[in-house]
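Here is the structure we will look at.
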Amino acid sequence: MTLIERCPSRRVYLSGLTKDYVKEVFMEIEMPEHPLAFTSEGVPTIGAFYHALLDAFKDVNPTIDPARQLTGNVGAANKLGARTDLGVVEESIALIKEQGEGTPESPGSGNAPAHYYRFGELYHGHKLRWTGTDWKCDGDPVAFPDTYPMGRLTTASWPNPAPEVAALLTTFNQTYTTMLGHLDKAWETGSATEPNASIGKMYQLASPARSLPQMPLPDSDGTHTYGPEFLVVPT
């Protein structure tokens with residue numbers, strides 16, 4: 262069974278931030294293997310993906326060459342080291358799961374809940390708290406942020422945008438493509454300069470990304486706006 266077969270795909274779409282979008286997309290993507298709340302059983306989870314990823318490493322048992330792996334400090338408190346054997350890979354995947362998902366006993370090991378539970382707080386409008394017997398989202402209020410009402414984009418691109426919108430979309434997509442290209446080069450060559458170049462391009466996405474949601478979609482009576490497409494375009 263392949264990694265894709267073990268982890269069925271989810272249907273995602275681009276949209277403005279709404280409570281339905283938080284629940285249908287963000288929480289579905291970040292769902293832990295053993296969610297403490299908010300969901301029914303029997304659905305594929307991000308935990309299942311990490312399990313399948315580790316199983317693939319164990320099945321193949323590849324020789325892991327650290328020669329082109331990037332190392333160094335990540336932020337002020339974390340150090341990125343080379344992965345040299347299967348044991349270190351297993352430890353790394355366990356750490357990713359713990360920090361991103363929480364654990365079956367706790368929604369997080371640090372000061373903030375794991376991603377799934379933070380989205381749950383946003384959806385329910387209350388902080389997650391320990392009641393003494395279980396976890397519930399009935400703590401202090403969590404305000405839902407004000408956002409532009411970006412419309413729902415379920416196809417690859419917006420149909421027939423006006424010239425000024427098309428120009429912004431082109432700028433965003435070309436910059437996004439270049440950003441991913443730098444990441445590909447980092448994987449391909451192990452160059453330490455490529456990730457920094459990618460981060461620079463990521464910041465350049467901010468200007469068109471802020472401008473697009475201020476442009477109303479045609480035939481929406483001003484109730485919905487454009488947003489980025491995140492398309493990889495020919496270079």
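Following this note's numbering, the numbering of the sequence shown begins with 262 at its first residue and continues without gaps.
Using N, Cα and C, we set each Cβ at its ideal position, and we do this for glycine too.
Since I believe residue j is in contact with residue i (beta carbons under 8 Å), could you give me their beta-carbon distance rounded to a whole number of angstroms?
i	j	result
Leu429	Leu473	5 Å
Ser276	Met476	Ser276 to Met476, Cβ: 16 Å. No contact.
Tyr409	Lys280	Tyr409 to Lys280, Cβ: 16 Å. No contact.
Leu414	Tyr282	12 Å between Cβ atoms; not a contact.
Val350	Phe318	6 Å
Leu356	Pro456	About 20 Å separates the two Cβ atoms, so there is no contact after all.
Thr432	Thr496	Not really, about 14 Å apart at Cβ, beyond 8 Å.
Gly308	Lys358	6 Å
Pro380	Glu291	The question names Pro, yet the displayed sequence has Phe at residue 380. About 6 Å separates the two Cβ atoms, so the contact holds.
Residue i bridges to which residues according to DSSP?
i	result
Asn457	For Asn457, which the question treats as bridged, DSSP gives no partner whatsoever.
Ala334	Per the sequence presented here, residue 334 reads as Asn, with Ala not at that position. Its beta-bridge partners are Lys340.
His385	None, per the DSSP bridge assignment.
Lys397	Arg390
Met411	Thr486
Pro402	His387
Quick check on residue i: does DSSP put it in helix, strand or coil?
i	result
Thr575	Nothing about residue 575 can be read from this structure; the chain reaches only from 262 to 496.
Arg379	helix
Leu478	coil
Leu275	strand
Pro424	helix
Cys268	At Cys268 the pLDDT is 44, less than 50, meaning the model places this residue with poor confidence and gives no usable figure here.
Asn322	coil
Val493	coil
Pro327	coil
Ala417	coil
Leu315	helix
Asp281	helix
Phe310	helix
Pro368	coil
Gly348	helix
Ile290	helix
Pro469	helix
Ser353	helix
Gly442	helix
Could you work out which residue in the options is closest to residue i when comparing CA atoms only?
i	options	result
Gln435	Ala453, Ala375 and Val493	Val493
Pro489	Ser468, Asp482, Pro479 and His443	Ser468
Ala453	Thr394, Pro406 and Leu341	Leu341
Met288	Tyr377, Thr496 and Ala447	Tyr377
Val426	Thr345, Arg471, Ile290 and Thr439	Arg471
Leu315	Gly381, Val286, Glu352 and Ser481	Glu352
Arg329	Ala458, Asp445, Ser481 and Arg379	Asp445
Asp346	Ala375, Val321 and Asp395	Val321
Pro293	Ala447, Pro368 and His387	Pro368
His312	Gly348, Asn334, Ile354 and Arg272	Ile354
Thr486	Gly451, Glu449, Ala447 and Ala423	Ala423
His497	Gly451, Glu449, Ser459 and Thr450	Outside the shown range of the chain, which is 262 to 496, sits residue 497, and nothing can be said about it.
So, is the C-beta of residue i closer than 9 Å to a C-beta in chain C?
i	result
Asn457	Among the chains in the structure shown there is no chain C, since it carries only a single protein chain.
Check your understanding: Touch check for the region 325–333 and the region 412–426: three-plus C-beta pairs under 8 Å?
Key -> no
Exercise for review: Decide if the region 459–472 is in contact with the region 389–400; the criterion is three or more beta carbon pairs, one per stretch, under 8 Å apart.
Suggested key: no
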